[in-house]
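Undergrad: Dropping a structure here in structure tokens format, bear with me for questions.
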Amino acid sequence: MRIVQAAAAVVVHPDGRLLLVRRGREPQRGRWSVPGGKIEAGETPESAAVRETFEETGARVRPDRELGVVRIPGGADVVYEVHDVAATYLGGGLRPGDDADAVRWVAPAELAALETTDGLLEHLVRFGVVVR
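Going by numbering that gives the first Met the number 0, the first residue of the sequence shown is number 0, and it counts up by one from there.
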């Protein structure tokens, strides 16, 4: 089994909304998730989360702390080990890019109505970002 290191940013707006992207590629194309992707050589999870957030959303963020690690099956003997990083929104006009085909701020109460990636809501609850 091949483990691919990845990072994602959990960005909470000062008004409590979360920054989400709709995945434009597999795995889980068309589902909403936090921005993220593979960690490149020489990057830390924090720097990868910042880069991926900008590439996918146009938002500038500052990493705060790692929330935890999530293992996501990627098919055919691949598992993504995603380091979720809490990040502070610094600004930037939102626009979808890279692997995302849409981007938006979402109130926590709206999450249950969206088609999100497998386990997203449960992980956000476990990390204390969303309260049920």
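Ideal placement from N, C-alpha and C gives every residue a C-beta, glycine not left out.
1) Would you check if the distance between the CB atom of PRO34 and the CB atom of ALA5 is smaller than 9 Å?
2) Could you name the residues that DSSP lists as bridge partners for GLU65?
3) Beta carbon of VAL128, beta carbon of LEU66: below 9 Å?
4) Span of the alpha helix (DSSP H) holding VAL124?
5) Any chance you could list the alpha helix (DSSP H) runs of at least 4 consecutive residues sitting entirely within the stretch 12-83, in chain order?
6) Considering Cα atoms alone, identify which of ARG28, LEU17, GLY23 and ARG16 is closest to ASP117.
7) Let me confirm a value: PRO72 is counted as buried when at least 16 other C-beta atoms fall within 10 Å, else exposed. Which label applies?
8) Run through DSSP, which three-state label would LEU110 get?
9) Counting only the same chain and skipping the five closest in sequence on each side, list residues whose C-beta sits under 7 Å from that of PRO44.
10) By DSSP, does ARG1 sit in helix, in strand, or in coil?
11) Can you give the beta carbon distance from MET0 to VAL78, rounded, assuming they're within the 8 Å contact cut?
12) What do you get for PRO62, buried or exposed, if any count of 16 or more other CB atoms within 10 angstroms of its CB means buried?
13) Candidates ARG22, SER46 and GLU80: which alpha carbon is nearest GLU55's?
TA: The short version:
1) no
2) VAL84
3) yes
4) 119-125
5) Here the runs fully enclosed are 44-56.
6) ARG28
7) exposed
8) Three-state DSSP puts LEU110 in a helix.
9) In chain order, ALA6, ILE38, GLU65, HIS82 and VAL84 place their CB closer than 7 Å to the CB of PRO44, counting only its own chain and leaving out the 5 sequence neighbours on each side.
10) strand
11) Rounded to the nearest angstrom, the Cβ distance from MET0 to VAL78 is 6 Å, consistent with a contact under 8 Å.
12) Classification of PRO62: buried, given that the 10 Å Cβ count is 16 or more.
13) ARG22
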